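See structure below.
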Amino acid sequence: MAVLKLDKINKIYPNGVQAVFDFNLEIKDREFIVLVGPSGCGKSTTLRMIAGLEEITAGDFYIDGVRVNEKAPKERDVAMVFQSYALYPHMTVYDNIGYGLKLRGMEPEEIEEKVTEVADILELTPYLHRKPKSLSGGQRQRVALGRAIVREAKVFLLDEPLSNLDAKLRVQMRTELIKIHEKISEKFDTSTIYVTHDQIEAMTMGDRIVVMRDGYIQQVASPKEIYNEPVNMFVAGFMGTPPMNFIKGSVDKDGWFCFGDHKLQVPLGKIKVLKEKGYIDQAIFLGIRPEDIHNDPVVCETYPNSSLNIKVDLVELLGSETNLYFTLDEQTAVASIPTQKIERNQELKLAFDMNQCHFFDTVTELAIK
Ligand code: ADP
1491 MAVLKLDKIN KIYPNGVQAV FDFNLEIKDR EFIVLVGPSG CGKSTTLRMI AGLEEITAGD
1551 FYIDGVRVNE KAPKERDVAM VFQSYALYPH MTVYDNIGYG LKLRGMEPEE IEEKVTEVAD
1611 ILELTPYLHR KPKSLSGGQR QRVALGRAIV REAKVFLLDE PLSNLDAKLR VQMRTELIKI
1671 HEKISEKFDT STIYVTHDQI EAMTMGDRIV VMRDGYIQQV ASPKEIYNEP VNMFVAGFMG
1731 TPPMNFIKGS VDKDGWFCFG DHKLQVPLGK IKVLKEKGYI DQAIFLGIRP EDIHNDPVVC
1791 ETYPNSSLNI KVDLVELLGS ETNLYFTLDE QTAVASIPTQ KIERNQELKL AFDMNQCHFF
1851 DTVTELAIK
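Using the working numbering, you'd call the opening residue of the sequence shown number 1491 and step up by one each time.
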């Protein structure tokens, strides 16, 4: 079992910088949790407090119901893998993985049993007698994981473990890490906490994502919920590439979102919420994801009340997808459409899928719902 509870955790560094504010989170057995947010938002500090490498200034941290604030890292049953996975260059893969166990005085037979088991999980068996220099980046990364897994810790902490790898390998290792997590959580009931600044990594890997900003948790939810129901403009803008478009305007009493000379019809359900919350005729932000803006003529004809004529400012060809940048009432927006022949300065009609749109308060930036 590995259930973690962080109760109002705060961190103030000796220089007075408060890195984490009232962090509340319960992590379930076998869960894969991703902490994500821009650099400096407090992810690593939180992870290091969980590991016991950084003192918790205020709040309580429990592992399986036991308060562990004052426990040393090695008494906490956590294993951490860092960004730079320094392996011992003169040792074989086998010795790199088993070294920690040897230091703890474990018998060679038992070490062999454990290293063999971990190598099997990580598919490193054919490389056990190689030295790190003759391994690929991904294999080295797995050896570093092996050193942590072999300790059979309850909690597995990963701080940007893929950031040293090239883009292609990173994508491959994401899937591998998920598989490894599944195997080890089944075997040892381990929970994993993974820190990254990369929103795609968070979306693809986490059972739940914790989005942080300036030391505060913004939202804790499944990737799907974070994407479809962001609680505020920060989460909405941080998750997704290109980011969600925000257009400032207001919804009139007839249910049109108006900005400059343009207007888009808002679905009834959304108008009801705006009415109930007192947002009619008030300045608000419309949020719409680039993939919810379409240029298919059939869609534009079907939804004339949510279609607008635009002129393309920039075409960004990405392969099967193309991003079209355009300006509406001096506000820049982007649509992601299937790649086709479209040129700069071309005039187009675009349909905004208003069923997928979001509204945000202009002052608090919170989602209106
Ligand atoms: P992240 O992992 O999200 O990039 P960190 O947890 O490393 O963020 O940092 C959060 C904040 O705490 C930043 O403002 C950073 O400058 C500050 N910080 C981190 N480590 C220390 C330290 N040892 N002493 C003082 N301030 C620190």
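Think of the CB as a built atom: it goes at the ideal place given N, C-alpha and C, for glycine as much as any other residue.
Since we're looking at a predicted model, the values are computed, not measured.
Pairwise C-alpha distance: residue j and residue i
i	j	result
K1743	L1808	40 Å
R1664	L1648	12 Å
I1683	T1536	10 Å
P1616	K1677	22 Å
L1591	D1610	17 Å
D1803	N1813	11 Å
E1715	I1523	14 Å
I1690	R1660	11 Å
L1515	K1495	6 Å
L1577	V1685	21 Å
A1541	P1563	6 Å
D1679	E1666	18 Å
F1646	M1539	13 Å
C1790	V1608	55 Å
D1782	I1707	27 Å
V1900	I1674	It is not possible to answer for residue 1900, since the shown part of the chain is limited to 1491 through 1859.
I1761	Y1769	9 Å
K1767	S1626	56 Å
K1839	S1529	38 Å
R1557	E1521	20 Å
S1796	N1735	15 Å
F1511	D1519	25 Å
L1618	I1668	22 Å
D1554	K1561	14 Å
R1620	R1637	15 Å
E1565	G1727	40 Å
R1834	K1765	39 Å
P1828	Y1793	19 Å
E1597	M1693	42 Å
A1643	K1623	27 Å
Simplified DSSP assignment, three categories, for residue i
i	result
R1698	strand
T1829	coil
K1753	strand
C1847	coil
E1791	helix
I1774	strand
S1653	coil
R1703	strand
Y1815	strand
Y1684	strand
Y1552	strand
L1808	coil
G1759	helix
T1535	helix
S1797	strand
S1740	strand
Q1836	coil
R1557	strand
Distance between beta carbons of residue j and residue i, contact taken as under 8 Å
i	j	result
I1858	V1763	6 Å
F1775	T1852	6 Å
V1526	H1687	7 Å
G1465	R1779	Lying before the first or after the last residue shown, residue 1465 is absent from the chain, which here runs from 1491 to 1859.
V1605	I1587	5 Å
V1583	V1640	Their Cβ separation, rounded to whole angstroms, is 12 Å, which puts V1583 and V1640 out of contact at 8 Å.
H1681	I1517	Note that residue 1681 is Ser in the sequence shown here, rather than His. Contact flag correct, Cβ pair sits at about 5 Å.
Among the options, the one whose alpha carbon lies nearest that of residue i
i	options	result
G1750	T1582, K1495, T1817 and T1812	T1817
T1854	Q1836, V1756 and F1724	F1724
F1747	C1531, M1844, D1786 and L1614	M1844
N1718	V1558, G1506, Q1846 and D1519	Q1846
F1551	V1583, D1497, E1806 and V1756	D1497
A1825	N1835, Y1584 and N1785	N1785
A1773	G1506, C1531, F1849 and R1632	F1849
L1612	S1653, L1593 and E1672	E1672
Q1830	S1810, Y1815, K1621 and P1794	S1810
K1801	Q1708, E1820, P1713 and I1502	E1820
F1513	C1531, G1595, D1656 and I1761	C1531
S1534	G1759, G1705, K1753 and L1840	G1705
N1654	L1838, G1628 and E1599	G1628
L1652	V1571, T1792 and K1753	V1571
N1500	A1492, L1593 and N1559	N1559
Q1755	E1642, E1597 and L1798	L1798
I1832	F1842, E1806 and A1841	E1806
Min CB distance residue i to chain D below 8 Å
i	result
F1842	This model lacks chain D altogether, as it is built from one protein chain only.
For ligand 1, list every residue whose C-beta falls under 6 Å from any of its heavy atoms, going in chain order.
This selection yields Y1503, N1505, V1507, A1509, G1527, S1529, G1530, C1531, G1532, K1533, S1534 and T1535.
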